[in-house]
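Asks: For the sequence shown, the working numbering begins at 252 and goes up steadily by one. Pasting in a structure now, in structure tokens, and then I'll have a few things to ask.
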Amino acid sequence: MPAQSASPTLFAQSAVKILERDFPKTNASFLLLDASAGILLAHHWKDYEKPIPLGSLVKPFTALAYASAHNFKYPKLECKGKAGACWQDRPHGTLDLTSAISVSCNAYFRQLAQSVSAEQIAQVAHDFHIESPGENSESQTFAGLGDRWQISPLRMAQAYVELQRRKDHPGVSEILQGMRQSALRGTGISVGHHLTHTKALVKTGTAPCTHIPWAPADGFTLVLLPADAPEIVLLVREHSVTGAAAAELVGKLLRQMEQ
């Protein structure tokens, strides 16, 4: 349904029409925001202000918490695949932050999060107006695992608007470049595969399902489009799939918006 009033671009208007036409046919939820103001343009998502686990969508903010305490420099870390508790059985190998964002490497972020404190996470959460996981949270929570860190989907989408606004701030460009790579060869590749005239910034996540009917997990895909000067932010939750699988649905919808 339409939401708060704004002055959307023609591209955003097209997105609203296509989403409202096609989303009722899917097993998914969406929020569509204006990327310049963070205003909600349309939605098909019950209780979108209620905090829920959003999985790996938190990783960019954990990265910024790390960067703030380490002179805004990110380490290279090794992923050993399943042996290192990554979602992918095969090792990702040695990754920098940009590559780790692109493939949403759990092993990289598990290691990175060990050098992040709850206070540092709380400060970043405050800066981006998202909920904090709390004082007693463990590093795996900061890596987007489990259900401890719960954030309102609307606040999360708006946090990515703010992240894009801060593109020239220290530590941010590496994250945005990782989101660009995600659409080209990472977990968001299904989005990039369907786009022919533009590029996108993508972050995917998988988290425990919190709604009825219940499933072990839901997939989340967040897209800023176009990549160079975003006009829209689209956050999609698809029931009972991974974030990478949800990107396929998002890609198909975005392809229609390009036409």
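All C-beta atoms, glycine included, are put in the ideal place defined by N, C-alpha and C.
(1) Using a Cβ distance threshold of 8 Å, determine whether the segment 313 to 325 contacts the segment 454 to 474, with at least three qualifying pairs required.
(2) Pick out whichever of LEU446, ASP273, PRO384 and MET430 has its Cα sitting closest to the Cα of ARG506.
(3) Beta-carbon within less than 6 Å of GLU482's beta-carbon, same chain only, minus the 5 sequence neighbours each way: which residues are those?
(4) I'd like to check one pair, MET407 with ILE352: are the Cβ atoms closer than 8 Å?
(5) Identify, in the order they occur along the chain, each residue of the same chain with its Cβ nearer than 8 Å to the Cβ of VAL367, setting aside the five sequence neighbours on each side.
(6) Please give the ranges of any alpha helix (DSSP H) in the segment 427 to 476, keeping only runs that are unbroken, at least 4 residues long and fully inside the region.
(7) Contact check, ALA358 vs LYS331 under 8 Å by CB: the rounded distance?
(8) Report buried or exposed for SER256, applying the criterion of at least 16 other Cβ atoms within 10 angstroms of its Cβ.
(9) Given MET252, which residues of its chain have a CB within under 8 Å of its CB, disregarding the five upstream and five downstream residues?
(10) For the 8 Å Cβ check, are there 3 or more pairs between the segment 337 to 352 and the segment 370 to 384?
(11) Please tell me whether VAL423 and LEU414 are closer than 8 Å, where the distance is taken between their beta carbons.
(12) Can you tell me which of the three DSSP states ASP285 falls into?
(13) Under 7 Å Cβ to Cβ from TRP338, same chain only, skipping five residues before and after it: list those, please.
(14) Of all Cβ atoms in chain B, is any one closer than 8 Å to the Cβ of LEU475?
Replies: The short version:
(1) no
(2) LEU446
(3) THR260, PHE262, ALA263 and ALA286
(4) No, these two residues do not count as a Cβ contact at 8 Å.
(5) THR313, ALA316, TYR317, ALA320, SER390 and PHE393
(6) 440 to 445
(7) The beta-carbon separation of ALA358 and LYS331, rounded to 6 Å, stays under the 8 Å limit for a contact.
(8) Model confidence at SER256 stands at a pLDDT of 46, short of 50, so the residue's coordinates are unreliable and nothing is read from them.
(9) Confidence in MET252 is poor, its pLDDT being 49 and thus under 50, which makes the residue's placement unreliable; the coordinate value appears in the next sentence. So the qualifying residues of the chain are GLU271, ALA293, HIS294 and HIS295.
(10) no
(11) yes
(12) strand
(13) ASN357
(14) As a matter of chain content, chain B is missing from the structure shown, which is built from one protein chain.
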